[in-house]
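Sequence lines, in order, name chains D and U. Just so you know, numbering that gives the first Met the number 0 puts the end of the first sequence at 264, numbered straight through with nothing missing. Just so you know, numbering that gives the first Met the number 0 puts the end of the second sequence at 446, numbered straight through with nothing missing. The beta-carbon is built from N, C-alpha and C at its ideal position, and this holds for glycine as well. None of these values were measured; they are calculated from a predicted model.
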Amino acid sequence: MDDARLTERHLSTDETKIAAKGVQVYYGDNHAIKDVNVDILDKTVTAFIGPSGCGKSTFLRCLNRMNDTIDIARVEGDIRIDGEDIYDKRVDPVQLRAKVGMVFQKPNPFPKSIYDNVAYGPKIHGLSRNKAELDEIVEKSLRKAALWNEAKDRLQEPGTGLSGGQQQRLCIARAIATSPEVLLMDEPCSALDPIATAQVEELIDELRAQYSVVIVTHSMQQAARVSQRTAFFHLGNLVEYGETGHIFTNPEDPRTESYISGRIG
Amino acid sequence: MTDLTAAAPVPKTSILTQDKRTKRRNAAEARFKAYGLAAVLTGIAALILLMGSILYNGLSSFQQTYISLAVELPAEALDKTGNRDPAEMRSVSTFGYTPLIAAAIEQKMAEAGVQIEGLSARDAGALISKEAPAQLRNYVLANPEVVGTTVTFNLLASGRIDGYYKGRVTMESALLDQNISQAQLQLADAFRDSGTLVTGFNWAFITSPDASDQRPEAAGLGVAILGSLYMMLIVLALALPIGVAASIYLEEFAPKNRWTDLIEVNISNLAAVPSIVYGILGLAIFINFAGLPQSAPIVGGLVLTLMTLPTIIIATRASLKSVPPSIRDAALGVGASKMQAVFHHVLPLAAPGILTGTIIGLAQALGETAPLLLIGMVAFVREFPDAPPEGFFDPASALPVQIYNWTQRSDPAFVERASGAIIVLLIFLLAMNALAIFLRRRFERRW
């Protein structure tokens, strides 16, 4: 916890982007998320931490309804983005996911060219009218993902040929190419080496300027480094949620304290 | 902890000498390897024996003995009215052509100065296949202008003469054979010496239709190959889309519940149903109920489609399953609909597996005999089916059925024909499997 940035960080906004109230998730008979209430702020990096199987990824996947793809999963409660209930009957999850992008644990570029990877989202959502516009979106997204310099000369090469860290940045570029408002990241650095991790973390910090970023992480150091707010999950409960500095230096709940000091987890 | 100190000291062993346990273990491993090797060698030996016997028996069917004769085509015999109208010339049947060939042989014998004791003109004429007059007639009807001239034909030698040069018929066997005499064989030898009797590649074996019991030399695979081709087209056109669509639905869209489980189990069961059962099904539904014609490729194709579907569905589902879920997540994560995720990302990755499964299924269908016997494809068909789609409803044969058919015939020349047909079938199967391997290599992508 000796990261220098921890002290100089300040919250940039207090505007709520996502408001979750009384969220319950069941996998069959298993009650995976128990009554979680959380307000995620706009233009902020929010970290979900907690031991394995505590439900942090499950909760993250509720925010763009990726749990819909699992037959036995059932979500109850109220999750609103900008005041709109995302589990409303009228909501098409496909439209929602264009608004709430997602980056996964394992870099999963499509086995297509780097260009096609980034252009896929804009193509299916009709975000460009012609090739030139699409090119522009691809370049912008790759630039934002800090991959442009490495990839600009090999746009037609397969995305799977990149290194692990580059692949993950490609996935981030792919996610931001559809101009989402919220970016969900499910342990984006767990498959990366420390140098690639540092690059991705730096990128996350930059993305905060435009997006509301929610990141699930195993690493408390990472949460401390990149996030402004932290939520600690334990056994499906949201134990504590607050400013990152506060959680790490002065946790209120004894379970949080045990976890961050390494006694459980 | 105190117990340990009380235990007897372990005797010191050297790793340079093998102890008993190790020796036993090594011996067991050596035995197992020997069993495995023996099994593989037995398999290879059986394969070599099988291929050897098929090739030994069948390769000669690709060679055929012809007798080259200059046949005079007199106008007074073939075209009495003299206006070269094929419709009127049709009134002369193949019997009208037989004396022309006999005359040509006689002339040839005179030219070559061949004199063979005890050989009647009729016997000399029997050197030529019974198919030859029809061969002649078809040529004349197709080219009416040749009437009145002399044309040189390569006429099929009879099955026995053909067999003489393939080692099937000998001077000794001719003594016991009513269909051939030693005198005829001597004449054949004389013709061979004078260059009248020649051996060439047997294109007719691949292109011409089946022939009756008495003329094995004329029997070909044309109708059977065409029938098999039509059926494969029908199977491909029906089984591939239906099978792939069913698999995609079951794998990607259907809810996982009791009903889909039941369907899944039954698809596996269907794959194991004996093929003759599909034949009975086809007979009952397509012929008796739907009233489709017997012996038609459409019925054979439909029956084989039913038979191939489970294979294709199982292969397709397996290859869909092998696409990593992260690809689906990635597509859904950027806001693709489920269908877009499947068709843009999952299906292209599964394509090599689907193609392989389809081709294996097709190859299986190509070699299938039992169901075709029940829907009347075992019939003797000499007429070529028309071009599709009408041709799908014309009677036709199929390669495996043709083989079955020929093995039932009495003339020993059909043994050679049947083996030759097996070689053709095997070449088709090998080609299809090679295509499957090629496609898998070509389109396989890593992720």
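Chain-order list of chain D residues neighbouring D385 (chain U): empty, with the shortest C-beta distance near 45 Å, by a criterion of under 7 Å. Just so you know, the alpha carbons of N25 (chain U) and S13 (chain U) end up roughly 18 Å apart. Every unbroken stretch of the alpha helix (DSSP H) spanning 4 or more residues and falling wholly within the stretch 216-287 of chain U is given here in chain order: 221-247, 257-270 and 274-281.
Residue contact with chain U for H217 (chain D): absent (no Cβ-Cβ distance below 8 Å to any residue of chain U). With a 10 Å radius around the Cβ and a threshold of 16 neighbouring Cβ atoms, M50 (chain U) comes out exposed. The beta carbon of E87 (chain U) sits closer than 6 Å to the beta carbons of T80 from its chain, once the five residues preceding and following it are set aside; these are given in chain order.
Within the stretch 205-229 of chain D, the complete beta strand (DSSP E) segments of 3 residues or longer fall at 211-215, listed in chain order. In the assembly as shown, L126 (chain U) is a buried residue. Its beta-carbon has 16 or more other beta-carbons within 10 Å.
Among the residues facing chain D, G332 (chain U) is included, as its CB has a counterpart in that chain under 8 Å away.
Cα atoms of Y26 (chain D) and A46 (chain D): separation of roughly 23 Å, rounded to the nearest angstrom. Within the stretch 3-52 of chain U, complete alpha helix (DSSP H) segments of at least 4 residues are not found at all.
Classified as exposed, T21 (chain U) has fewer than 16 neighbouring CB atoms from the shown chains inside 10 Å of its CB. CA-to-CA, the gap between G21 (chain D) and I71 (chain D) works out to about 20 Å.
Listed by position along chain U, the residues whose Cβ is nearer than 9 Å to that of R173 (chain D) are A329, G332 and V333.
Residue range A72 to I80 is occupied by the beta strand (DSSP E) that includes I80 (chain D). Within chain U, the C-beta atoms nearer than 7 Å to that of N107 (chain D) come from S325, I326, D328 and A329, in chain order.
The beta carbons of S211 (chain D) and I39 (chain D) sit about 6 Å from each other, so the pair counts as a contact at 8 Å. Under the DSSP assignment, Y240 (chain D) falls outside any alpha helix (DSSP H), being part of the beta strand (DSSP E) whose first and last residues are N236 to E242. In the DSSP annotation of this structure, the continuous segment of the beta strand (DSSP E) that includes A69 (chain U) starts and ends at Q62 to E71. Straight across, the Cα-Cα distance linking V264 (chain U) with R316 (chain U) is about 13 Å. For Y119 (chain D), the nearest CB of chain U lies under 8 Å from its own CB, placing it at the interface with that chain. Residue pairing by DSSP puts Q23 (chain D) in a beta bridge opposite D:E75.
The beta carbons of A144 (chain D) and H124 (chain D) sit about 18 Å from each other, so the pair does not count as a contact at 8 Å.
At a cut-off of 8 Å between beta carbons, Q293 (chain U) makes no contact with chain D. For G199 (chain U), the enclosing beta strand (DSSP E) covers residues L196 to F200. Closest in alpha carbon position to G124 (chain U), among U:G112, U:A29 and U:L186, is U:L186.
A Cβ-Cβ separation of about 11 Å leaves A172 (chain D) out of contact with P121 (chain D) under the 8 Å criterion. Rounded to whole angstroms, the separation of the alpha carbons of D87 (chain D) and I32 (chain D) is 20 Å.
The residue from U:A289, U:G278 and U:D188 with its alpha-carbon nearest to that of T307 (chain U) is U:G278. For A329 (chain U), the CB contacts under 8 Å within the same chain, skipping 5 residues up- and downstream, are H344 in chain order.
Look at A189 (chain U) here: in three-state DSSP terms it is helix. Along the stretch 155-182 of chain D, the positions whose C-beta sits under 8 Å from a C-beta of chain U are T159, C170, R173, A174, A176 and T177, read in chain order. With respect to chain D, the C-beta atom of S336 (chain U) has a partner C-beta closer than 8 Å. Taking 8 Å as the cut-off, the Cβ atoms of T216 (chain D) and I48 (chain D) count as close.
Burial check for N287 (chain U): the Cβ neighbour count within 10 Å stays below 16, so the residue is exposed. Within chain U, the residues whose beta carbon sits less than 8 Å from that of M65 (chain D) are D328, L331 and G332, listed in sequence order.
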